[in-house]
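Here is the structure we will look at.
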Amino acid sequence: MEIKFERYHLQSELLSPLQEFKRISVPTEIRVDPLTKRRSRIITWSLPSTEKFDFTEMASASKGCVFCPENVLHKTPKFIEEVAPEGRLQRGKAIGFPNLFPAGASGSVVVLCEEHFLPLNQFSPQTYEEGLSLSMEIVRRMIRFDPDLRYWQISQNFLLPGGSSILHPHLQVIGDPIPTNEMEWLMEASASYQEKNNTVYWKDLVETEKKLGERFITTQGHIHWFVPFAPIGFNEVCAWVENHPSILTLGEEELAILAKGIVSTLKYYDHKSLNSFNLAFYSIFDESSPLLLLRIISRTPFQPFYLNDCTFFEVLQSELTSNIYPEELCREIRPFFT
Ligand SMILES: [Zn+2]
Numbered sequence: 015m016e017i018k019f020e021r022y023h024l025q026s027e028l029l030s031p032l033q034e035f036k037r038i039s040v041p042t043e044i045r046v047d048p049l050t051k052r053r054s055r056i057i058t059w060s061l062p063s064t065e066k067f068d069f070t071e072m073a074s075a076s077k078g079c080v081f082c083p084e085n086v087l088h089k090t091p092k093f094i095e096e097v098a099p100e101g102r103l104q105r106g107k108a109i110g111f112p113n114l115f116p117a118g119a120s121g122s123v124v125v126l127c128e129e130h131f132l133p134l135n136q137f138s139p140q141t142y143e144e145g146l147s148l149s150m151e152i153v154r155r156m157i158r159f160d161p162d163l164r165y166w167q168i169s170q171n172f173l174l175p176g177g178s179s180i181l182h183p184h185l186q187v188i189g190d191p192i193p194t195n196e197m198e199w200l201m202e203a204s205a206s207y208q209e210k211n212n213t214v215y216w217k218d219l220v221e222t223e224k225k226l227g228e229r230f231i232t233t234q235g236h237i238h239w240f241v242p243f244a245p246i247g248f249n250e251v252c253a254w255v256e257n258h259p260s261i262l263t264l265g266e267e268e269l270a271i272l273a274k275g276i277v278s279t280l281k282y283y284d285h286k287s288l289n290s291f292n293l294a295f296y297s298i299f300d301e302s303s304p305l306l307l308l309r310i311i312s313r314t315p316f317q318p319f320y321l322n323d324c325t326f327f328e329v330l331q332s333e334l335t336s337n338i339y340p341e342e343l344c345r346e347i348r349p350f351f352t
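Letter 219 of the sequence shown, counting from 1, is numbered 233 in our numbering, and no numbers are missing.
The structure is reproduced here in structure tokens:
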């Protein structure tokens, strides 16, 4: 089955005050996601680049937070006995416990490290390996407690632009008996593709992207890294995990690959003077189209005069924008994965 990459080139004519009122033509590209048919808009002139922000003052003013080593085992909630009689769970430096303010049926927090703040170029693969491994353990225990929890996300908001009020690096492990909108769109579109073509969309996508070579980053073990054709956020990087219907079947090798890829992406963001991001690892236990997919996007960097990157396009038109051509992003990020 041939995957269709549909795009529209738009041009806007104007007399530019930046070029002595010469007539110029500014391009915008609209891309349609081959699976979900959702449209994305690539606006390459938006979001001016910024200088690196110095977090020293912010980190020192907020140090000693509830996730810092001196507080985390005293001031955070404990799991109920049926889930974890030991109260909190640990893997290396990672510590897991229920979210005091859960956003679903099962909401947990995994504090990733002892450091209160880490710039993006200082996260280590080991930090994410431990964090993901502990997240898996939480999912395993929660499912044993409530088998209806089939829709899981291991997600991260990093820094205020990413929606995190706490600077201290942490993941959120959220499981529900009903899917999020995004999970449902992915499941329905994957199932319908599979019914029509008798093949798995993600397998076809990886094969196609490998042949095209423009957006494919690398394959490591069962994990395929790529830049999506129609991104749903800035500098989006994805990893599809093949042959694993859910997070629970992952072994140490897969966790190490995922952790390394996340860290490579964060190093690239840091290289571009970005400092905030969101990450989601979707683990969808669906009989007809199970899916294990990781997505990372950058957010506009924290800076003195912060510019929010959710405009009327995203919040009122459900049209997602990004500011770099995916092919260019892929070219730039590939060396970070070697
Ligand atoms: Zn802290």
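Even for Gly, the Cβ is constructed at its ideal location relative to N, Cα and C.
Keep in mind the model is a prediction, meaning the values are calculated, not measured.
- Task: May I ask you to list the residues that DSSP assigns as paired with Ala-108?
- Result: Within the sequence shown, numbered from 1, the residue matching residue 108 stands at position 94. DSSP output for Ala-108 lists Arg-105 as bridge partner(s).
- Message: In this structure, how does DSSP classify Tyr-296 when only helix, strand and coil are distinguished?
- Response: In the sequence shown, the residue the question calls residue 296 occupies position 282. DSSP places Tyr-296 within a strand segment (E or B) once states are collapsed to three.
- Item | Cβ contact check for the stretch 100-116 and the stretch 44-61: 3 or more pairs under 8 Å | With fewer than three CB-CB distances shorter than 8 Å, the stretch 100-116 does not count as touching the stretch 44-61.
- Could you spell out where the beta strand (DSSP E) holding Asp-190 opens and where it closes? Walking along the sequence shown from the start, residue 190 turns up at place 176. Per DSSP, Asp-190 belongs to the beta strand (DSSP E) from 184-190.
- Query: Can we say the stretch 179-194 touches the stretch 129-146, given the rule of at least three CB pairs closer than 8 Å?
  - Reply: The stretch 179-194, when compared against the stretch 129-146, does touch it at the 8 Å Cβ threshold.
- Message: Taking 8 Å as the limit between beta carbons, can you name the residues of its chain near Pro-133, skipping five residues before and five after?
- Response: Against the sequence shown, residue 133 aligns to sequence position 119. Here the set comprises Phe-69, Asp-284, Asn-289.
- Can Phe-69 be considered in contact with ligand 1, in the sense that its beta carbon sits closer than 7 Å to one or more heavy atoms? The residue you call residue 69 lines up with position 55 of the sequence shown. Because no heavy atom of ligand 1 lies under 7 Å away, the Cβ of Phe-69 does not count as near it: no.
- Item | Reduced DSSP secondary structure (H/G/I, E/B, other) of Gln-33 | Position 19 of the sequence shown holds residue 33. In the structure shown, Gln-33 adopts helical secondary structure according to DSSP, grouped into three states.
- Pro-191 burial status per 10 Å Cβ neighbour count (16 or more: buried): Looking up residue 191 in the sequence shown gives position 177. By the Cβ-count criterion, Pro-191 is exposed, with fewer than 16 other Cβ atoms from all chains shown falling within 10 Å of its own Cβ.
- Query: Can we count His-130 as close to ligand 1, meaning its CB is less than 7 Å from some heavy atom?
  - Reply: On the sequence shown, position 116 is the one that residue 130 refers to. Inclusion of His-130 in the 7 Å shell around ligand 1 follows from its C-beta lying nearer than that to a non-hydrogen atom of the ligand.
- What is the C-beta distance between Ile-311 and Asn-337, in whole angstroms, given that I count them as a contact (C-beta under 8 Å)? Along the sequence shown, one-based indexing puts residue 311 at 297. Along the sequence shown, one-based indexing puts residue 337 at 323. Between Ile-311 and Asn-337, the beta carbon gap of about 11 Å keeps them out of contact (Cβ cut-off 8 Å).
- Message: I'd like the span of the beta strand (DSSP E) that includes Gly-121, first residue to last.
- Response: Stepping through the sequence shown from its first residue, residue 121 is reached at position 107. Annotation: the continuous beta strand (DSSP E) that includes Gly-121 extends over 120-125.
- Assign Phe-295 to one of two classes, buried (16 or more other C-beta atoms within 10 Å of its C-beta) or exposed (fewer than that). Position 281 of the sequence shown holds residue 295. Result: buried.
- Message: Can you tell me where the alpha helix (DSSP H) holding Asn-85 begins and where it ends?
- Response: Taking the first residue of the sequence shown as 1, we reach residue 85 at position 71. Following the DSSP letters along the chain, one finds Asn-85 inside the alpha helix (DSSP H) bounded by residues 83-89.
- Message: Less than 7 Å separating the Cβ of Phe-81 from some heavy atom of ligand 1?
- Response: Here residue 81 is taken as the residue at index 67 of the sequence shown, counted from 1. Yes, ligand 1 has a heavy atom inside 7 Å of this Cβ.
- Task: With Glu-266 as the anchor, note down where its alpha helix (DSSP H) starts and where it stops.
- Result: Along the sequence shown, one-based indexing puts residue 266 at 252. Counting along the chain, the alpha helix (DSSP H) containing Glu-266 begins and ends at 266-285.
- Looking at C-beta atoms only, is the number of pairs between the stretch 158-167 and the stretch 295-304 that lie closer than 8 Å three or more? Judged by Cβ distances under 8 Å, the stretch 158-167 makes contact with the stretch 295-304, as three or more pairs qualify.
- Flag this pair as yes or no: are the beta carbons of Pro-315 and Ser-278 separated by less than 8 Å? What you label residue 315 is simply residue 301 of the sequence shown in a count that begins at 1. What you label residue 278 is simply residue 264 of the sequence shown in a count that begins at 1. For Pro-315 and Ser-278, no; Cβs fall outside 8 Å.
- Cβ-based neighbour list, Pro-139, same chain, cut-off 6 Å, excluding 5 preceding and 5 following: Position 125 of the sequence shown, counted from the first residue, corresponds to residue 139. If we look at Pro-139 and ignore the five residues flanking it on each side, its Cβ neighbours are Ala-273, Lys-274, Val-277.
- Task: Classify Phe-326 as buried or exposed, calling it buried when 16 or more other Cβ atoms lie within 10 Å of its own Cβ.
- Result: Taking the first residue of the sequence shown as position 1, residue 326 is located at position 312. Exposed is the call here.
- Find out if the Cβ-Cβ distance for the pair Leu-200, His-130 is shorter than 8 Å. Within the sequence shown, numbered from 1, the residue matching residue 200 stands at position 186. Within the sequence shown, numbered from 1, the residue matching residue 130 stands at position 116. No, the pair does not count as a contact, with Cβ atoms beyond the cut-off.
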